[in-house]
Each structure stands twice: as C-alpha cells, then as structure tokens.
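Residues in the sequence shown are numbered from 156 upward in steps of one, following this note's numbering.
Following: one structure in structure tokens, then a few remarks.
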Amino acid sequence: MDQPQNNTPQKPVIEHKDGAIKAAVWPNEGANGPYHTVSIFRIYKAQDGKWKQTKSFRAKDMPVVARVATEINQQIAALA
Numbered sequence: 156m157d158q159p160q161n162n163t164p165q166k167p168v169i170e171h172k173d174g175a176i177k178a179a180v181w182p183n184e185g186a187n188g189p190y191h192t193v194s195i196f197r198i199y200k201a202q203d204g205k206w207k208q209t210k211s212f213r214a215k216d217m218p219v220v221a222r223v224a225t226e227i228n229q230q231i232a233a234l235a
C-alpha cells in the first residue's frame, strides 16, 4: 500500500466485517490515476489472549470470504 509523502499512515476508505472476516479498501495513486487495493484477513484470538489477524483462511471461512469480497466489490463500484 502506498503512503503519502508526509509519512502519515493512510486509513482505508472502506472497511467491511462479517464475523471473523474483515476487508479494507485502500486508496492508491498510479501512473494511470487513482485505484484501490483490497486486503482481506481473518481475526482470531491467539493462545496468549491477544487479538491477531492472518491472511490465511480455513475451508469453512471461504463462503464468508466470498460474501465479503462481493460486498467490497459493490462498494468500490459505488465510489466510481
């Protein structure tokens, strides 16, 4: 993900969560103009009790990943 010149971290323009699956849409600028990238991850509580996230999914997560991806795709289209 690209960051502004002043090193201030960007925030996602869209976030969507369904259960343990979360997606974030990031704004970017390229040679051909603005575009968006998407991060999808699973949130879980580790054995040490801390909340963490991973980009690995279990087979049972895949229907939720698909729903989140569809929703995010629709929200990105609405930005245009």
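No residue lacks a Cβ here, since even glycine has one placed at the ideal position from N, Cα and C.
Cβ-based burial, residue i [other Cβ within 10 Å; buried from 16]
i      : result
Ile198 : exposed
Ala178 : buried
Three-state class that DSSP yields for residue i in the structure shown
i      : result
Val308 : Given a span of 156 to 235 for the chain in the structure shown, any question on residue 308 remains unanswerable.
Close Cβ partners of residue i (< 7 angstroms) along its chain, the five nearest in sequence each way excluded
i      : result
Glu226 : His171
Close Cβ partners of residue i (< 6 angstroms) along its chain, the five nearest in sequence each way excluded
i      : result
Ala224 : none
Nearest-angstrom Cβ-Cβ length linking residue i and residue j, presumed shorter than 8 angstroms
i      : j      : result
Ile169 : Val219 : Ile169 to Val219, Cβ: 17 angstroms. No contact.
Residue interval of the beta strand (DSSP E) (run including residue i)
i      : result
Gln208 : 206-209
Arg197 : 188-200
Residues near residue i by beta carbon distance below 8 angstroms, same chain, minus five either side
i      : result
Gln230 : Ile169, His171, Val180
Extent of the continuous alpha helix (DSSP H) run through residue i
i      : result
Pro167 : Premise fails: Pro167 is in no alpha helix (DSSP H) and is neither H nor E.
Gly222 : It is Arg, not Gly, that sits at residue 222 in the sequence shown. Looking at the DSSP string, the run of the alpha helix (DSSP H) that includes Arg222 is 217-234.
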